[in-house]
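Every number in my numbering is 2 more than the matching position in the sequence shown, counting from 1.
Virtual Cβ for every residue (Gly too), placed ideally from N, Cα, C.
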Amino acid sequence: MAVYTDVAEGELGAFLKHYPVGDLLSYKGIAEGTENSNFLLHTSSGSYILTLYEKRVEKADLPFFLGLMDLPKGIIHADLFPDNVFFLGEKLSGLIDFYFACDDLYAYDVATCLNAWCFEKDFSFNLTKGKALLAGYQSVRPLSDQEQTALPVLARGSALRFMLTRLYDWLTVPDGGLVMKRDPTEYIRRMRFHRAIKSPSEYGLA
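Structure below.
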């Protein structure tokens, strides 16, 4: 975060009239950061962060990224890897490790499952697994058109998250500890795959 563009109080107050956030009481720039201009706002209804995108963002892309905030959300597991899921025969029997459970986008949980369950050891995406996973999920809760469109971005974000957590563990876990270090570069390959996706149908969506 940083401040590159100064905003006058009158301009900001008039701008906020277009949104249900109350009347402006005070605001200040946030100096930390490098990319965009950010301000901490205090209004009659609460506190907010205002970001002015300065670069690296196409104006035409803004509605899509801002629209991510409106996707359906609720409590998600956020770490549904095979080693956190148990089966008896072909039936799900249990889930463990709710350490990362949080209130977030349902589709993000789906994106994490695509990363965790649908790639082979050679890092190729298994379309058959993708179709089965998505069909099973949608038999209980269909994904909206907006969620389907957002899947590639959410999958890239999920892959980035696990690449970074694996890298952190790789660098900080003491040698000799009873811990199996996982290769963070696997998720760089996943990010490249998701970046090349042109349509959510490439994940196996009908």
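Check	Outcome
Nearest-angstrom beta carbon gap, V9 and F41 [assumed within contact, 8 Å]	7 Å
In DSSP terms, what G96 is bridged to	F88
Supposed contact pair Y29 and L43 - C-beta distance, whole angstroms, cut 8 Å	5 Å
Close beta carbons around G206, own chain, < 7 Å, minus the five adjacent residues each side	L129, G132, K133, L136
Reduced DSSP category for H196 - H, G, I as helix; E, B as strand; rest coil	helix
Cβ neighbour criterion (16 or more within 10 Å) applied to S39	buried
Selected residue, minimal CA-CA separation from K80, among V112, E60, K61	Before going further, note that residue 80 is Ala rather than Lys in the sequence given. Nearest of V112, E60, K61 to A80, Cα basis: V112.
Endpoints, the alpha helix (DSSP H) within which G170 is located	Note on identity: in this sequence residue 170 is Tyr, with Gly being the wrong assignment. That run of the alpha helix (DSSP H) goes 147 to 174.
CA-to-CA distance, Y108 to K75, given in whole angstroms	5 Å
Range of the contiguous beta strand (DSSP E) that encloses P38	According to the sequence displayed, residue 38 carries Asn and not Pro. Segment: none, N38 is in no beta strand (DSSP E) and carries neither H nor E.
Cβ-Cβ distance between F121 and E188 below 9 Å	yes
D25 beta carbon less than 9 Å from that of L18	yes
D106, enclosing beta strand (DSSP E) - first and last residue	104 to 107
Burial state of T114 (16 or more Cβ within 10 Å)	buried
S47 burial status per 10 Å Cβ neighbour count (16 or more: buried)	exposed
Cβ shell of T45 (< 8 Å), same chain only, five flanking positions each side left out	L18, V23, G24, D25, L26, L27
Contact set for R197: own chain, Cβ-Cβ below 7 Å, skip 5 residues either direction	R158
C-alpha gap between R191 and A16, whole angstroms	46 Å
Residue burial classification, I98 (beta-carbon count within 10 angstroms, cutoff 16)	exposed
L173 to S160 span [Cα, whole Å]	20 Å
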